[in-house]
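Protein chains in written order, with UniProt numbering: chain C, 1 to 244; chain B, 1 to 205. Here's the structure, in structure tokens; my notes come after.
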Amino acid sequence: MSDRYDRAITVFSPDGHLFQVEYAQEAVKKGSTAVGVRGKNIVVLGVEKKAVAKLQEDRTVRKIALLDDHVALAFAGLTADARILINRARVECQSHRLTVEDPVTVEYITQYIAQLKQRYTQSNGRRPFGLSALIIGFDNDGTPRLYQTDPSGTYHEWKTNTIGRSAKTVREFLEKHYTEEVQANDDECIKLTLKALLEVVQSGGKNMEVAVMRRGKPLQVSFIMHQKVRLDNIHIYILKGKKI
Amino acid sequence: MSILAYNGAAIMAMKGKNCVAIAADRRFGVQAQTISTEFEKIFEMGPQLFVGLPGLATDVQTVFQRLKFRLNIYELRENRRIKPKTFMSMVSNLLYERRFGPYFVEPVIAGLDPVTSEPYVASMDLIGCPMETNDFVVSGTCSEQMYGMCESLWEPNLEPDDLFETISQALMNAFDRDAVSGWGAVVYIIEKDKVTKRFLKTRQD
Chain C
1 MSDRYDRAIT VFSPDGHLFQ VEYAQEAVKK GSTAVGVRGK NIVVLGVEKK
51 AVAKLQEDRT VRKIALLDDH VALAFAGLTA DARILINRAR VECQSHRLTV
101 EDPVTVEYIT QYIAQLKQRY TQSNGRRPFG LSALIIGFDN DGTPRLYQTD
151 PSGTYHEWKT NTIGRSAKTV REFLEKHYTE EVQANDDECI KLTLKALLEV
201 VQSGGKNMEV AVMRRGKPLQ VSFIMHQKVR LDNIHIYILK GKKI
Chain B
1 MSILAYNGAA IMAMKGKNCV AIAADRRFGV QAQTISTEFE KIFEMGPQLF
51 VGLPGLATDV QTVFQRLKFR LNIYELRENR RIKPKTFMSM VSNLLYERRF
101 GPYFVEPVIA GLDPVTSEPY VASMDLIGCP METNDFVVSG TCSEQMYGMC
151 ESLWEPNLEP DDLFETISQA LMNAFDRDAV SGWGAVVYII EKDKVTKRFL
201 KTRQD
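In structure tokens:
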């Protein structure tokens, strides 16, 4: 029954499914894992970096993108689709600043991205965006936020969440280990992100990237270069913080 | 009265030894009446990149805001600071987009290259024709007076303190010969590791 109803995505199947959207969600499940953790004074994003071919330049395949000074995004799914969304979101952040003379709230930009995704589930000849995004940042009043969007165009706020490959396993881990103490302590939040990623990341430490945003400070993106990451003394090489 | 002389302004920029200076008057007036003596005409676009916008005050503010928009997106996409020369092209593009209904501003750009720290100054007309020079650039209602002062006072390879003296004297004596500019001045000296902003005490007329 499904193969007759998923060509034009504007069409519902008889049992009420939008199959293209569900297939897009499958694409997300194949993407590399991303984890987001929200603390009291810090928000952290961690992504699994796929191993690059030997001859390929290991310049960071940017899976964590800065949308504005105070908002960042990590995604799981189709990289090319993500690029489009990130560009549109960046322009919207600036447009908001120009017209209302205020930086966007994290919810506003999440809503914008979600709305964009939804539009593509309801128009002719277009397929949905094959990615879920984790959006972190601080609002103007200093509140830290973490939101998740998915291909259907819905968005929800989370204390901590994961998307992409093995999301179920990682989410169970997070549910078990995310506590009030972790939330209050910056380092604990970073450690939780790393530990969560280590549950699923292949070679144990080389293929992760972590981005940290503290209130009022620019995003810091770090590489973990060591083969084995010992979480009690983390050797993090901090790259330049991006500031506009 | 020309639309470019409605609000009145005087801005100049000079190259020195491993530094640049940019200076402007602070008057905001409506023809003969002075409204404010604290009007900002020089805007920071990067840690060592400044743009001065003389001309119609509403366009001064709009051009700055729209320029900041484009610059922010550029820096997010490229993940690096913009070079002064590229920034000049960006300003020129923004102005030429309005070729047949232009913004009434004639910008002045001063900065140091983010990598090599080489000094850079440039100016352009209201439809974006750029002019890069090796010495100084001027723009505003008293541009002829400013050209005269700069041509006489400027010399190459001035140290930051000497450059400050030179640009201050050049600007002040030029806008003192113009009815619609003056009423205070601000001078920025941009060096590799710091930017100094100084206000000048001038004739308040």
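Think of the CB as a built atom: it goes at the ideal place given N, C-alpha and C, for glycine as much as any other residue. Computed from a predicted structure; not experimentally measured.
Short Cβ contact (8 Å threshold) for residue i with residue j
i                      : j      : result
B/M14                  : B/L163 : yes
B/A24                  : B/T141 : no
residue 237 of chain B : B/M124 : Chain B is shown from 1 up to 205; residue 237 of chain B falls before or after that span and cannot be answered.
C/L134                 : C/A74  : yes
C/P144                 : C/I64  : no
B/G111                 : B/L171 : no
C/S132                 : C/V28  : yes
B/N72                  : C/Q94  : yes
B/L94                  : B/L76  : no
B/P84                  : B/C19  : no
B/F43                  : B/V51  : yes
C/T160                 : C/R38  : yes
C/V182                 : C/Y147 : no
B/S139                 : B/I22  : no
C/V35                  : C/A184 : no
B/I3                   : B/F104 : yes
C/L85                  : C/F129 : yes
B/G128                 : B/Y96  : yes
C/V104                 : C/D81  : no
C/C189                 : C/V44  : yes
B/Q145                 : B/A174 : yes
B/G182                 : B/D176 : yes
B/R81                  : B/G46  : yes
B/L126                 : B/P160 : no
B/P130                 : B/S92  : yes
Same chain only: Cβ atoms within 8 Å of residue i, ignoring 5 sequence neighbours per side
i      : result
B/F39  : R26, R27, F28 and A57
C/A111 : A small fix is needed here, since residue 111 of chain C is Gln in this sequence, not Ala. Counting only Cβ-Cβ distances below 8 Å, and skipping sequence neighbours, we find Y155.
C/S166 : T33, E199 and V200
C/Y108 : H96
C/N207 : E48, K49, K50, A51 and V201
B/M90  : L67, R70, L71, Y74 and I82
Neighbour list for residue i in chain C, Cβ cutoff strictly below 8 Å
i     : result
B/I73 : R90, V91 and Q94
B/L53 : Near B/L53 there are no residues of chain C at all, since even the closest Cβ is about 16 Å away, more than 8 Å.
Same chain, Cβ closer than 6 Å to residue i, neighbours up to 5 away in sequence not counted
i      : result
C/F138 : H70, P144 and R215
C/L219 : L66, A72, A211, M213 and K242
B/S168 : V187 and L200
C/K50  : S32
C/E22  : none
C/E92  : Y112
B/A179 : none
Beta-carbon neighbours of residue i, restricted to chain B and to distances below 9 Å
i     : result
C/L98 : Q65, R66, K68 and F69
C/L66 : L76 and N79
Close-in-space but distant-in-sequence residues of the same chain around residue i (CB under 7 Å, 5 per side omitted)
i      : result
B/L158 : G16, K17 and T166
B/E132 : A122
C/E199 : T169, V170 and F173
C/R88  : L116
Interfacial residues, the stretch 152-166 of chain B to chain C, with Cβ spacing under 9 Å: none
Mind listing which residues of the stretch 106-123 of chain C have their C-beta closer than 9 Å to chain B's C-betas, in chain order? Listed in sequence order: no entries.
Any chance you could list the beta strand (DSSP E) runs of at least 3 consecutive residues sitting entirely within the stretch 130-158 of chain C, in chain order? Correct list: 131-138, 144-149 and 155-157.
Residues in the stretch 184-216 of chain C having any Cβ partner in chain B nearer than 8 Å: none
Please specify which runs of the alpha helix (DSSP H), each continuous and at least 4 residues long, are wholly inside the stretch 11-70 of chain C, giving them in chain order. Entirely contained in the stretch 11-70 of chain C, the alpha helix (DSSP H) runs reaching 4 residues are, in chain order, 19-30.
Quick check for students: name the residue ranges of the alpha helix (DSSP H) that lie wholly in the stretch 83-126 of chain B, counting only runs of 4 or more. The stretch 83-126 of chain B is shown to contain whole alpha helix (DSSP H) runs of 4 or more residues at 84-96, in chain order.
Contiguous alpha helix (DSSP H) assignments of at least 4 residues, all confined to the stretch 141-179 of chain B: 143-153 and 160-175
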